[in-house]
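Add 32 to the 1-based position in the sequence shown for my numbering, that's all there is to it.
Note that the Cβ used here is the ideal one computed from N, Cα and C, for glycine as well.
Please read the structure below before turning to the comments.
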Amino acid sequence: MIQTSAAYREAIVGSPRRTRIRAVVDISDPDKVMGAVAASSSAPWSRPEELTDHNFNAPPRYAALERGRWLLDGSFGIFPDNWQVPEQIGYAGGVLSGADGRFAAAQWVEQTFSGVYVLQALSVFFSSDPIDGVPSDFTVEVRAGGRAVYTRAFTGNRAASVSLDGFTVYTPDAIRLTVTRWSLPGRRVRLTEILLGLYEEWDEHMLERFTVTAQGDFSCLSLPYGSANIAMDNSSRRFEPRRKDGIFQSIEERQGVELYLGTDLPDGVTEWVKVGLYYQAGDGWKTGDNAPTMGWYLVDIIGLVSGRTFLPPDTLPETLAGWMEAVVLQLGEAFRRRFHVDPSYAALPVTAESLEAVTGKTCGDIIRWACQASGTWPRAAAETGRLTAEPLWNQGSKITLDNLNGYPGMSANRSLAALIFKLTSGEEMVVSGNATASEDTITIQNPFLHTREQALEAARLILAQYGGNKLEITGRGDPSSEIGDVDTVWLDESTAATARRMAQTFQMQNGVLKDCRSTLLQADGSYLWTEFAVIRASGRWRAPAGVSQLRIVLGQAGQGGGYGQPGWVGPGGGSSIPGGSSAAGYGDPGQDGQGGAVWYGVIDINPEQEFDVILGEGGAAAAVPGEAGALGGHTAFGAYSSENGRVYPNGYTDIANGQVFARTGVAEPLPGTGDGGKGGEGGEPGEGYWEQQFWSDGRPKGWKFITTKPPGPGHPGVAGATGFAMVTWEKPTKEALYG
Numbered sequence: 033m034i035q036t037s038a039a040y041r042e043a044i045v046g047s048p049r050r051t052r053i054r055a056v057v058d059i060s061d062p063d064k065v066m067g068a069v070a071a072s073s074s075a076p077w078s079r080p081e082e083l084t085d086h087n088f089n090a091p092p093r094y095a096a097l098e099r100g101r102w103l104l105d106g107s108f109g110i111f112p113d114n115w116q117v118p119e120q121i122g123y124a125g126g127v128l129s130g131a132d133g134r135f136a137a138a139q140w141v142e143q144t145f146s147g148v149y150v151l152q153a154l155s156v157f158f159s160s161d162p163i164d165g166v167p168s169d170f171t172v173e174v175r176a177g178g179r180a181v182y183t184r185a186f187t188g189n190r191a192a193s194v195s196l197d198g199f200t201v202y203t204p205d206a207i208r209l210t211v212t213r214w215s216l217p218g219r220r221v222r223l224t225e226i227l228l229g230l231y232e233e234w235d236e237h238m239l240e241r242f243t244v245t246a247q248g249d250f251s252c253l254s255l256p257y258g259s260a261n262i263a264m265d266n267s268s269r270r271f272e273p274r275r276k277d278g279i280f281q282s283i284e285e286r287q288g289v290e291l292y293l294g295t296d297l298p299d300g301v302t303e304w305v306k307v308g309l310y311y312q313a314g315d316g317w318k319t320g321d322n323a324p325t326m327g328w329y330l331v332d333i334i335g336l337v338s339g340r341t342f343l344p345p346d347t348l349p350e351t352l353a354g355w356m357e358a359v360v361l362q363l364g365e366a367f368r369r370r371f372h373v374d375p376s377y378a379a380l381p382v383t384a385e386s387l388e389a390v391t392g393k394t395c396g397d398i399i400r401w402a403c404q405a406s407g408t409w410p411r412a413a414a415e416t417g418r419l420t421a422e423p424l425w426n427q428g429s430k431i432t433l434d435n436l437n438g439y440p441g442m443s444a445n446r447s448l449a450a451l452i453f454k455l456t457s458g459e460e461m462v463v464s465g466n467a468t469a470s471e472d473t474i475t476i477q478n479p480f481l482h483t484r485e486q487a488l489e490a491a492r493l494i495l496a497q498y499g500g501n502k503l504e505i506t507g508r509g510d511p512s513s514e515i516g517d518v519d520t521v522w523l524d525e526s527t528a529a530t531a532r533r534m535a536q537t538f539q540m541q542n543g544v545l546k547d548c549r550s551t552l553l554q555a556d557g558s559y560l561w562t563e564f565a566v567i568r569a570s571g572r573w574r575a576p577a578g579v580s581q582l583r584i585v586l587g588q589a590g591q592g593g594g595y596g597q598p599g600w601v602g603p604g605g606g607s608s609i610p611g612g613s614s615a616a617g618y619g620d621p622g623q624d625g626q627g628g629a630v631w632y633g634v635i636d637i638n639p640e641q642e643f644d645v646i647l648g649e650g651g652a653a654a655a656v657p658g659e660a661g662a663l664g665g666h667t668a669f670g671a672y673s674s675e676n677g678r679v680y681p682n683g684y685t686d687i688a689n690g691q692v693f694a695r696t697g698v699a700e701p702l703p704g705t706g707d708g709g710k711g712g713e714g715g716e717p718g719e720g721y722w723e724q725q726f727w728s729d730g731r732p733k734g735w736k737f738i739t740t741k742p743p744g745p746g747h748p749g750v751a752g753a754t755g756f757a758m759v760t761w762e763k764p765t766k767e768a769l770y771g
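Structure (structure tokens):
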């Protein structure tokens, strides 16, 4: 789940709401390598290395020897002795313009680079701060081999940036800006960015179509994928396939497009959520005969790399992180850092059976096999666009029926009879599935699986996809939701269903984000860790025969709900005008009780070991208006306690059995769930009116508020539910039961 602000969480479920779209398009050679910056002069604080970091902010205001920049009135900072400041500063020249803005000698800045095959567009950004000024008379050169191949001159410029296109230069190696006159006297040359190629932001006014689809497979039997369809206004015919000298020649599949969905907050600010970094899928473009629009079909980094033949490096990787890096490097050196592996898993040993075992395979095969062998699953992270390998998590969004088009549909999930592992040792290992009556059997030959223990870990991941149910929901959509999230669907005041998000679509229709379809998986994965018991009463619990290890989840009892404030009317309750209408309102509701803290872990046990279980008592509801309810007591299972756990804002979900515990603000919390009680409602408003008062001689002496109906009292909240203990264990083998 992508982290967002509290204001966003409120706005995304609000009615009405305003959503926006944005695409950041970067059409530049992905193999470019930026080199050194040379200049005719530089200020001591200049940082020319920042000219290619895609930061377009104006430099901060610091006092300097320029006209009007030495005012020590708090509007300018003071440079430290070493000239280094924490903000983005960009390039600053060392020479000041004259009284007419001209430089005694032309000032120039040259950004070098390599690895660019063709350049057909570029942009230069100056400071957007009006006190810095901009270059008035200048030239921009595209250079190759030490000479200018293309030159564009500007006179009388007043813009904070310039963009150039309509040219074609092959194998360029430098961009040079030469300034002869500045727009203000006594100023330095200031630059914030030099961009090679096309870099633009397209909003809802340019985008005519916007659809993003993502699907995940947590078993690693197939790869997850993400795709996007966008269509933009091409009436200017900048993207014209028939023109060989147009920008279209510069487009290739490894150039990224960042896609965002934004939601307007009550204060007028738009909070943006990045929904992915996508690349053109081969020949994934389409235009009409007259080219009024250009459509793009885009894929995420997994879709970009999956079908490529894997070319093994000279030395084969031996860790999960090593294999992920080897995969992204198939796209070129520029992609070296476009992967992420959970730090706890990055150094896990993942070794291939032999060089021959990975030669001629696809990059998609390598990704699946490496993640299968390490107990992780791959995805293209929405926030970064990177190829990511990480374990599954147990948190997601709260989904209420108010934000769905209808009640969730439910269908049976697929079943599996057996998994057959062919290990590199030559051994064949069979793992039972969730349904012996199923006709499906899967054979896995993974060159990274060498031992039975590794095969069992892979089986855990695979079987988590089988059995149980699927929920199909259609609603207004929440861009902060990601594939892999465990969402809680609140079905009524007492119960909720949990399921892992495995597919979703975001689509804008007539400027509205709606009819977004999602598939949630409630698989029981009925092999490992699927025998379970939920203990809802204190007592003594004995482990089943043949079990040597338990996974335990302990939940603190829920907090009681707060007491609502009374309603109000007239004086003291608001701003009413004597003689006018009365002021009245409902009292503030009581604070919702939070769900209890949850601790979980895996423990080794003795045969048929017994444990004392003490469940925490639910917190009492508040007895005084405005106060919060009492916290619930902690739950103990032998020597283990929920005191060592943490609170989950949307409740703790156990995806193996589809149950949810420790939710906040439940109207009718059930015993043994650790749910917090809902806060009491505020009292109803009173009624009354203002009446003018007079002295005995008839002179007016003021106004008095007459209450005709007293305000209603606040309502008490609901007590929290008692705590719980959930114990899960592996299905015992025949050998464990009978020896």
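For residue i, the three-state DSSP class (helix, strand or coil)
i, result
"T760", "strand"
"S512", "coil"
"T81", "The amino acid at residue 81 is misidentified as Thr; the sequence shows Glu. E81 falls in the helix class under three-state DSSP."
"M238", "coil"
"G557", "Note on G557: pLDDT 49, under 50, position unreliable in the model; no value is reported."
"V117", "coil"
"F367", "helix"
"F498", "Note on residue identity: the sequence assigns Tyr, not Phe, to residue 498. Three-state DSSP puts Y498 in coil, outside helix and strand."
"V585", "strand"
"I163", "coil"
"Y595", "coil"
"D707", "coil"
"N435", "helix"
"M33", "coil"
"A490", "helix"
"L448", "coil"
Integer Cβ distance of residue i from residue j, believed to fall under 8 Å
i, j, result
"V601", "P745", "That belief does not hold up - the Cβ atoms of V601 and P745 are roughly 13 Å apart, past 8 Å."
"W401", "G516", "Between G516 and W401 the Cβ distance is about 20 Å, and since that is not below 8 Å, they are no contact."
"Q139", "G125", "5 Å"
"Y182", "D61", "So it is not a contact: roughly 16 Å between Cβ atoms."
Beta-carbon proximity of residue i to residue j, cut-off 9 Å
i, j, result
"P423", "L552", "no"
"Q762", "V579", "First, the amino acid is wrong: residue 762 is Glu here, not Gln. Cβ atoms of E762 and V579: closer than 9 Å."
"C252", "C403", "yes"
"Y595", "G651", "no"
"T696", "G677", "no"
"R219", "L128", "yes"
"A753", "G590", "yes"
"G587", "C548", "no"
"A654", "G715", "no"
"D105", "A153", "no"
"G786", "T506", "This structure does not reach residue 786, given that the chain is present from 33 up to 771, and the question cannot be answered."
"V679", "G627", "yes"
"K454", "I476", "yes"
"P207", "V174", "Position check: residue 207 holds Ile in this sequence, whereas Pro was assumed. Yes, Cβ-Cβ distance for I207 and V174 is below 9 Å."
"K430", "T520", "yes"
Which listed residue (the options) has its alpha carbon closest to that of residue i
i, options, result
"W631", "A757, T432 and G711", "A757"
"Q597", "S470, A153 and G712", "G712"
"A70", "I53, Y123 and I110", "Y123"
"N261", "F538, P576 and T760", "F538"
"E225", "P80, R286 and R179", "P80"
"D332", "T295, G683, E415 and R368", "E415"
"G499", "S512, D472 and I44", "D472"
"E640", "Q541, A577, W102 and Q691", "A577"
"S526", "K502, L702 and P256", "L702"
"E719", "G617, R52 and G571", "G617"
"G683", "T667, A629 and K710", "A629"
"F157", "R41, G755 and L228", "L228"
Counterpart residues of residue i in DSSP-defined beta bridges
i, result
"C548", "G507"
"S146", "V65"
"F726", "P732"
"L348", "DSSP lists no partner for L348."
"Q247", "Y257 and A535"
"H482", "DSSP lists no partner for H482."
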